[in-house]
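Notes follow once the structure below has been shown.
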Amino acid sequence: MKYDAVIAGAGPSGAFCSLKLAQKGFKVLVLDKCRFPREKACGGLLSQKTMNILENYVLTGGMDFNSINSICLRGDSNEEIFMETRIPLGIVVQRKDFDQFLINKAVEAGATFIDNCRFENYTSESGGYKIQTTRGDFYADYLIGADGYYSNVAKVSNIRNKWNRWERGLAISAQVPDEYVIRKRDNTVEFYFPGILAGIGWYFPGKGYYNIGVGGIAIDSKRIIDAFKHLLEREVKNKTILSKLKLNSAFLPAGGRFRKISDGRIFLLGDAAGFVDAFSGEGIYYALRSAEILADVINQNKDFREYARMCYSTFLDEFRLSAFLSIFFGNKKNVFKKGLQYRFLKALYMIMTQTPESMCYKKILYYLATKSFSFDVPLLWLRRLMLG
Ligand SMILES: Cc1cc2nc3c(=O)[nH]c(=O)nc-3n(C[C@H](O)[C@H](O)[C@H](O)COP(=O)(O)OP(=O)(O)OC[C@H]3O[C@@H](n4cnc5c(N)ncnc54)[C@H](O)[C@@H]3O)c2cc1C
């Protein structure tokens, strides 16, 4: 069967790209190695800027979600400060539902979806590609890798082989039913900075549960696990359920370097392209935005260089500043003691509401830099960040 585009991976980037391409009249096949609906390690927070890309799809689509209108920053000794807004700052969803919802939208728009179907390899054939999968061969003009952190499309096309050690993030999360948590704050997302380099912890209220997690640089994995255990013990009242909770963990590729993301008619999206905000761990916005950019590039018959140029002119400077921010303050555990709490709370608010085009991180760094801070900076990391 011949398609205009075959997309490997039906997470947010693959589903949204297939939706956008189908809406523009392209014949699209999206396939996923998992049987849907499938679980995915995630905090499930869709920020306000993500909601804006999704327009009204999610809010009017009948999917369960919880609206957020306040952010809390928590200190190491349980100090806390809040910021409330009248406009929703985002929503909390279950990824299983959200990803199924987006792929349903793509199918309604005319895309074909095959789950339980793994992309394996491809060969070039008469100006297009023969795409080999566990459920047979397909033919297409474009091959799109939306297949996440371990992208097989990136590997077999030689666009990228593996991530460098220092650009790998690791995050762990668990969903705790409402009745087991000590503090109930239905419309507030809470963040805190554990004693981990580039680390962030969260406490997000979903519908009937709290999503609790910690992320940081993967080479600090032992401390990430310890901080996660500590957070669960602090927030869960019935300790007997701790051993029964299902824990989810996954790697994330931190954005901030120029990497090859396309070649010929092969393109990478979202996590496969390395588009994750190193400071906040936010990836869904960039998955959707890169999908939107690619659908326009294909529709306008532009080439792979234009896709890379557009993605990097939109994201790269901001990703660099985000990576810089995530390590520049070193261990941010003591933001309250250093009197920086209001500035970091405002930074989190800006990250949820402002796009890279509005130079969110540039504004944040300017704002933070007007206050003195200590230089507990890991110099080797800084050098690598700057020199690539
Ligand atoms: C613990 C944790 C918490 C997070 N919390 C948040 C959050 O609250 N908000 C936020 O914005 N971001 C969050 N992120 C980041 C976010 O989950 C990712 O950035 C986002 O999922 C990227 O979407 P994607 O479509 O690019 O990739 P993915 O969501 O990883 O989807 C890739 C898909 O490809 C499929 N696939 C893989 N290989 C193949 C193959 N060979 N053939 C076919 N299919 C294949 C997989 O089954 C999967 O369905 C979090 C990440 C983690 C690990």
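Each residue of the sequence shown is one higher than the one before, starting from 104 at the first, in the numbering used here.
From the three backbone atoms N, C-alpha and C, an ideal C-beta is built for every residue, glycine too.
- At least one heavy atom of ligand 1 sits closer than 7 Å to the Cβ of A274.
- A contact is defined here as three or more CB-CB pairs under 8 Å, and the stretch 338-357 fails this definition with respect to the stretch 205-219.
- Restricted to the stretch 195-274, the beta strand (DSSP E) segments that are unbroken, complete and at least 3 residues in length are 215-217, 222-228, 231-236 and 239-248, listed in chain order.
- In the DSSP assignment, N169 falls outside any alpha helix (DSSP H) and lies within the beta strand (DSSP E) extending over N169 to I171.
- A Cβ-Cβ distance of about 7 Å is found for the pair K199 and K143, placing them in contact under the 8 Å criterion.
- By the Cβ criterion, the stretch 450-458 is in contact with the stretch 381-389, since at least three pairs of Cβ atoms, one from each stretch, lie closer than 8 Å.
- Residue V195 holds the alpha-carbon nearest to the alpha-carbon of V292 among D107, V195, E158 and A376.
- Relative to the non-hydrogen atoms of ligand 1, the Cβ of N261 never comes closer than 7 Å to any of them.
- In the structure shown, the three-state DSSP call for Q278 is strand.
- The continuous beta strand (DSSP E) containing F294 extends over residues T291 to Y295.
- A check of alpha carbon separations from W269 across E409, G358, Q444 and R446 identifies G358 as the nearest.
- Judged by DSSP secondary structure, M154 falls within the alpha helix (DSSP H) whose first and last residues are Q151 to I156.
- By the neighbour-count criterion, in which a residue is buried when 16 or more other Cβ atoms sit within 10 angstroms of its Cβ, M154 is buried.
- If the five residues before and after F307 are omitted, its C-beta is found closer than 6 Å to the C-beta atoms of G146, L148, V195, V292 and N314, all from its own chain and listed in chain order.
- For P140, the secondary structure class from DSSP, reduced to helix, strand or coil, is coil.
- In the assembly as shown, Y469 is an exposed residue. Its beta-carbon has fewer than 16 other beta-carbons within 10 Å.
- Not one heavy atom of ligand 1 lies closer than 7 Å to the C-beta of R138.
- When secondary structure is reduced to three states using DSSP, D135 falls in the coil class, being assigned neither helix nor strand.
- Pairing K127 with R177, the inter-Cα distance amounts to about 45 Å.
- Closest in alpha carbon position to I328, among K310, A274, N172 and L355, is A274.
- The beta strand (DSSP E) runs lying completely inside the stretch 323-357 and spanning 3 residues or more are 350-356, given in chain order.
- Ligand 1 approaches D250 closely enough that one of its heavy atoms is under 7 Å from the residue's Cβ.
- At a Cβ-Cβ threshold of 8 Å, G117 and A330 do not count as neighbours.
- Secondary structure in the stretch 351-404: the beta strand (DSSP E) runs of 3 residues or longer, each lying completely within the stretch, are 369-371 in chain order.
- Closest in C-alpha terms to S260, from the list M413, L397 and D366, comes D366.
- Under the DSSP assignment, M186 falls in the beta strand (DSSP E) whose first and last residues are E183 to E187.
- When DSSP reads this structure, K105 sits in a beta bridge with Y242.
- Of the heavy atoms belonging to ligand 1, at least one sits nearer than 7 Å to the Cβ of K143.
- Collapsing the DSSP output to three states places L424 in a helix.
- A distance of 8 Å or more separates the beta carbons of V109 and A209.
- Secondary structure note for P308: its beta strand (DSSP E) is the uninterrupted segment I303 to P308.
- Of S254, Y312, G272 and L350, the smallest CA-CA separation from D281 is found for Y312.
- In this structure, the CA atom of M166 is about 7 Å from the CA atom of F204.
- N437 carries a helical assignment under DSSP once its states are collapsed to helix, strand and coil.
- Taking a contact as a CB-CB distance under 8 Å, the pair Y252 and F139 does not count as one, their CB atoms being some 19 Å apart.
- Comparing alpha-carbon positions, the option among S352, R286, F294 and V284 lying closest to R271 turns out to be S352.
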